[in-house]
Amino acid sequence: MMGLLAGLVVGIAIGSAVYGREIRRMARFLRERPAESNARLSVELPDGSSRELARAINAQLDTIQTERITAMVKAQEFQRDLSSLAHDVRTPLMGAQGHIQLAMEDARSQATRNPGTEMQPHPASDRERHLEVALQRLDDVRDLLDQLFSYARAADPDQILDIEPVAVQPLIAEVLVGHYPEFEERGWEPILEFNDERFMLEADRTALRRIIDNLVTNALRHGAGAPVITQRGDVIAFSNPIAAQAAAGIDTARLFDRFYQADDARGSKGSGLGLAVAQSLAGAMHLHLSATVERATNSDAADALLSVAITPTNS
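Using the UniProt record's numbering, read the sequence shown as starting at 1 and increasing by one per residue.
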């Protein structure tokens, strides 16, 4: 009996020592493992508790690695976005600088040709033309910074929205009236078709108005014809004809990404932030924006149709 008890004690002592060594090995692995390593914890003991512990640790390592990779991808995207932003800000500033320099050279040239006389510029002078272009370039920078500020506000997780039932048709009509001069200049007449004129969305009125305004502005900048705005069930759709060449360059999966522009040369109007602002505001109100491009069959103005839909996420 005493021999059996002694053997049991020895067995427990040996098992405890082995188990302690295994725990120390696991601790050493976690302590010495490089953060970027793909190595996973192995098990040297056949018991179930060690295997369960190793599985739990490896699951956490998998989660950490996934988060690290996601953070790296986002950091790379952010760097690309900063490069694009720097390009978009630098280009109009350099243009403004160039035109101001030309205006100054023109002024110096006139002074050289007419020493001792006061210059009398006329409305059509080259100097005035260069200054007008410079002012336009500076306006472009201001618009870009305004859009950037709007995106920062829209993406702010702490923003406070006043969610309430909002009548959508009158709000869209209000936005369209605000853009009337631009539609008149193009000879476009927007079409508004609602199955239910009393249709409402649960939204913040100001934020929803901003979404609608950004979609209308996008249609004016890049469209080739008047937009058609429809309501079918819970879905609001903005559709407008676009040129086939423009349609070929649109990646609908990236259309709502910040700074995305279908024009690789970044020569098109706009900052590439308007639709990103709209999507961010929509997400904060449990709405979603999606886009499709299809060939138009009933438009003489363009060869394709761009449609953007506003849909409640619970639909």
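Just so it is clear, CB atoms sit at the ideal spot from N, CA and C, and this is done for glycine as well.
Contact check, Ala-54 vs Leu-41 under 8 Å by CB: the rounded distance?
Start at 1 with the first residue of the sequence shown, and residue 54 comes out as number 54. Start at 1 with the first residue of the sequence shown, and residue 41 comes out as number 41. Confirmed, about 5 Å.
Where Ile-229 falls: helix, strand or coil (DSSP):
Here residue 229 refers to the residue found at position 229 when the sequence shown is read from its first residue. Note: Ile-229 maps to strand in three-state DSSP.
Delimiting residues of the beta strand (DSSP E) encompassing Ser-239:
Within the sequence shown, residue 239 is the residue found at index 239, counting from 1. Note, Ser-239: beta strand (DSSP E), 235-242.
State yes or no: is the C-beta of Ile-310 within less than 9 Å of the C-beta of Phe-238?
Here residue 310 refers to the residue found at position 310 of the sequence shown. Here residue 238 refers to the residue found at position 238 of the sequence shown. A contact, by the Cβ cut-off of 9 Å.
Hey, would you say Leu-176 sits closer than 9 Å to Val-216, going by beta carbons?
If you number the sequence shown from 1, residue 176 lands on position 176. If you number the sequence shown from 1, residue 216 lands on position 216. Taking the C-beta atoms as reference points, Val-216 is found nearer than 9 Å to Leu-176.
Are the CB atoms of Arg-137 and Pro-92 nearer to each other than 9 Å?
Numbered from its first residue, the sequence shown carries residue 137 at position 137. Numbered from its first residue, the sequence shown carries residue 92 at position 92. With respect to the 9 Å criterion, Arg-137 and Pro-92 are classified as neighbours on the basis of their beta carbons.
According to DSSP, simplified to helix, strand and coil, what is Thr-311?
Numbered from 1 along the sequence shown, position 311 holds the residue referred to as residue 311. It is a strand residue.
Please state whether DSSP places Val-43 in a helix, a strand or coil.
Mapped onto the sequence shown, residue 43 falls at position 43. Correct three-state label for Val-43: coil.
Limits of the unbroken alpha helix (DSSP H) element including Pro-170:
Counting from one through the sequence shown, the residue named residue 170 turns up at place 170. First-last of the alpha helix (DSSP H) with Pro-170: 168-178.
Taking all protein chains shown into account, decide if Ala-152 is buried (16 or more other Cβ within 10 angstroms of its Cβ) or exposed.
Counting from one through the sequence shown, the residue named residue 152 turns up at place 152. Flag for Ala-152 reads exposed.
Just grab the DSSP bridge partners of Leu-201 for me.
Numbered from 1 along the sequence shown, position 201 holds the residue referred to as residue 201. Note: Leu-201 sits in a beta bridge opposite Val-166.
Would you decide whether Ala-71 is buried or exposed? Buried here means 16 or more other CB atoms lie within 10 Å of its CB.
Along the sequence shown, read from residue 1 onward, the residue named residue 71 stands at position 71. With fewer than 16 other Cβ atoms within 10 Å, it is exposed.
Among the residues of its own chain, which have a CB less than 6 Å from the CB of Asp-251, if the five just before and after it don't count?
Along the sequence shown, read from residue 1 onward, the residue named residue 251 stands at position 251. Closer than 6 Å at the Cβ level, and outside the excluded window around Asp-251, lies no residue.
Could you compute how far the alpha carbon of Gly-187 sits from the alpha carbon of Pro-227?
For the purposes of this step, residue 187 is taken as residue 187 along the sequence shown, with counting starting at 1. For the purposes of this step, residue 227 is taken as residue 227 along the sequence shown, with counting starting at 1. Distance between the alpha carbons of Gly-187 and Pro-227 is about 12 Å.
How would you write the range of the alpha helix (DSSP H) that Leu-275 sits in, first residue to last?
Reading the sequence shown from its first residue, position 275 is the one you call residue 275. Element bounds for Leu-275: 274-284.
Report yes if the CB atom of Glu-174 is closer than 9 Å to the CB atom of Arg-209, and no otherwise.
On the sequence shown, position 174 is the one that residue 174 refers to. On the sequence shown, position 209 is the one that residue 209 refers to. Yes. Within cutoff.
For chain D, check one thing: does any of its Cβ atoms lie closer than 9 Å to the Cβ of Tyr-180?
Within the model displayed, chain D is absent; a lone protein chain is all it includes.
Helix, strand or coil for Ile-69? Go by DSSP, reduced to three states.
Taking the sequence shown and counting its residues from 1, one reaches residue 69 at position 69. The answer is helix: DSSP assigns Ile-69 an H, G or I state.
Terminal residues of the beta strand (DSSP E) in which Glu-193 lies:
What you label residue 193 is simply residue 193 of the sequence shown in a count that begins at 1. Per DSSP, Glu-193 belongs to the beta strand (DSSP E) from 191-194.
DSSP three-state assignment for Leu-287, whether helix, strand or coil:
If you number the sequence shown from 1, residue 287 lands on position 287. Under the three-state reduction of DSSP, Leu-287 is assigned to strand.
Going by alpha carbons, who is nearest to Pro-312 out of Ile-57, Leu-281, Thr-292?
As a position in the sequence shown, residue 312 is number 312, starting the count at 1. For the residues Ile-57, Leu-281, Thr-292, the minimum Cα distance to Pro-312 belongs to Leu-281.
Out of Leu-131, Ile-172, Arg-24, Arg-205, state which residue places its alpha-carbon closest to the alpha-carbon of His-99.
Translated into positions along the sequence shown, residue 99 becomes position 99. Looking at Leu-131, Ile-172, Arg-24, Arg-205, the one whose alpha-carbon comes closest to that of His-99 is Leu-131.
Contacts around Asn-214, its chain only, beta-carbon distance under 8 Å, and the 5 residues preceding and following it disregarded
By one-based count along the sequence shown, residue 214 stands at place 214. Excluding residues within five positions, the ones whose Cβ falls inside 8 Å are Gly-274, Leu-275, Val-277, Ala-278.
Buried or exposed by the 16-neighbour rule on C-beta atoms within 10 Å, applied to Ser-109
Counted from its first residue, the sequence shown places residue 109 at position 109. Its Cβ having fewer than 16 others within 10 Å, Ser-109 is exposed.
Can you tell me whether DSSP reads Leu-131 as helix, strand or coil?
Here residue 131 is taken as the residue at index 131 of the sequence shown, counted from 1. Leu-131: helix per DSSP, three-state reduction.
Give me, in chain order, the residues of the same chain whose beta-carbon lies closer than 6 Å to that of Arg-266; leave out the 5 immediate sequence neighbours on both sides.
Working through the sequence shown from its first residue, we reach residue 266 at position 266. The predicted position of Arg-266 is uncertain, since its pLDDT is 38 and thus under 50; a value taken from the coordinates is nonetheless stated next. For Arg-266, where only same-chain residues beyond five positions count, there are no Cβ hits under 6 Å.
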